[in-house]
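The opening residue of the sequence shown carries number 0 in numbering that gives the first Met the number 0; numbering runs sequentially from there. Beta carbons: idealized from backbone N, C-alpha and C, even for Gly. Since we're looking at a predicted model, the values are computed, not measured.
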Amino acid sequence: MLQKTRGLALSYLRYRETSIIARIYTEEFGLQSYIVNSVRTARSKNNKIALFQPLTLLEMVVYNKHDRDLHRLSEVKTSYPFQSLPFEVAKSTIAMFVTEMLNKVLKEEASSPQLFRFLVDSVLFLEEARTNYENFHLAFLLKLSFFLGFGPESAREFEDQLRENSYPFLPDTEMETALNTMLRQPLGTPIKLHRSARNELLDALVAYYQVHIDSVGEVKSVPVLREVLG
0 MLQKTRGLAL
10 SYLRYRETSI
20 IARIYTEEFG
30 LQSYIVNSVR
40 TARSKNNKIA
50 LFQPLTLLEM
60 VVYNKHDRDL
70 HRLSEVKTSY
80 PFQSLPFEVA
90 KSTIAMFVTE
100 MLNKVLKEEA
110 SSPQLFRFLV
120 DSVLFLEEAR
130 TNYENFHLAF
140 LLKLSFFLGF
150 GPESAREFED
160 QLRENSYPFL
170 PDTEMETALN
180 TMLRQPLGTP
190 IKLHRSARNE
200 LLDALVAYYQ
210 VHIDSVGEVK
220 SVPVLREVLG
């Protein structure tokens with residue numbers, strides 16, 4: 000049975016000679032994997048494989064069967080062609096980090112329209128932002144943690160949970176203010192953070208996720224993110 004859904008591309012793997020298996024977080028079915036045929040050929044129309052680059056927003060018609068792990072796509076197109084996110088170094092580096100984290104923490108489970116809406120709104124903010132996005136990845140992880148069930152209510156709770164798990168996080172007043180602002184205000188709210196503080200908070204947030212989700216492990220994009228954004 001054919002069904003329509005929106006999706007957010009996360010990653011893909013090569014499959015056989017010309018196909019891929021795309022991992023997509025969908026509005027209707029949650030996290031799913033789809034076989035996409037004939038996208039890795041010179042004759043593939045309109046560079047279709049580009050549709051499955053990380054964080055691409057998709058409109059899809061799919062064959063979804065509850066008793067299968069792999070599904071098939073009937074139709075797919077982007078709902079919002081990006082103009083900046085893949086092409087600006089800072090944004091593409093943030094997107095790489097966000098995608099790696101999402102691949103680690105999203106599970107094959109029932110759909111969550113609220114989580115899907117948050118992810119789409121966050122991606123659109125990053126695409127459209129011209130200023131005040133240098134802390135996007137930090138605020139994004141904090142807000143995402145609430146959808147995953149372990150969001151802290153305040154900077155103090157965040158700090159206490161890390162200390163209870165033997166992570167030496169000692170934020171100063173500036174960082175506590177930044178954390179509380181990220182927790183309570185929308186993405187893009189101007190926040191003053193020095194480069195060293197941004198790096199320290201990034202490490203603390205990754206550690207916070209590692210405390211709550213065993214599968215997080217090493218986050219390979221962190222060194223690149225630290226270098227590009229600080």
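Supposed contact pair residue j and residue i - C-beta distance, whole angstroms, cut 8 Å
i	j	result
Asn36	Thr17	7 Å
Leu204	Leu137	6 Å
Leu200	Arg225	At roughly 11 Å, the Cβ-Cβ gap does not stay under 8 Å, so Leu200 and Arg225 are not in contact.
N- and C-terminal bounds of the alpha helix (DSSP H) containing residue i
i	result
Ile93	88–104
Arg5	Counting along the chain, Arg5 falls outside any alpha helix (DSSP H), though it belongs to the beta strand (DSSP E) covering 1–14.
Thr176	172–183
Ala128	No alpha helix (DSSP H) contains Ala128, which DSSP labels as neither H nor E.
Glu156	154–163
Proximal residues to residue i (C-beta, below 6 Å), its chain only, five neighbours per side dropped
i	result
Gly6	Ile23, Thr25, Leu57, Met59
Leu182	Leu141
Ile190	Asn134, Ala177, Thr180
Ile48	Val38
Leu69	Ser32, Ile34
Proximity of residue i and residue j at Cβ, strictly below 9 Å
i	j	result
Lys90	Val218	no
Val223	Phe86	no
His193	Glu173	yes
Phe146	Leu169	no
Ile20	Leu30	no
Leu9	Leu143	no
Val122	Leu84	yes
Gln160	Asn63	no
Thr92	Leu50	no
Val88	Val227	yes
Glu126	Tyr79	yes
8 Å Cβ shell around residue i - same chain, five flanking residues per side excluded
i	result
Phe124	Tyr132, Phe135, Leu186, Gly187
Glu99	Val218, Lys219, Ser220
Pro112	Glu26
Sequence-distant residues of the same chain with beta carbon closer than 7 Å to residue i, five excluded per side
i	result
Phe157	Pro151, Leu178, Tyr207
Leu72	Tyr33, Val35, Met59, Val61
Leu271	Outside the modelled stretch of the chain, which goes from 0 to 229, sits residue 271, for which no answer is possible.
Asn164	Val210
Span of the beta strand (DSSP E) around residue i
i	result
Arg67	Looking at the DSSP string, Arg67 is not in any beta strand (DSSP E), and its letter there is neither H nor E.
Val205	Unbroken run through Val205 is the alpha helix (DSSP H), 194–211; no beta strand (DSSP E).
CB contact below 9 Å: residue i versus chain B
i	result
Phe117	This model lacks chain B altogether, as it is built from one protein chain only.
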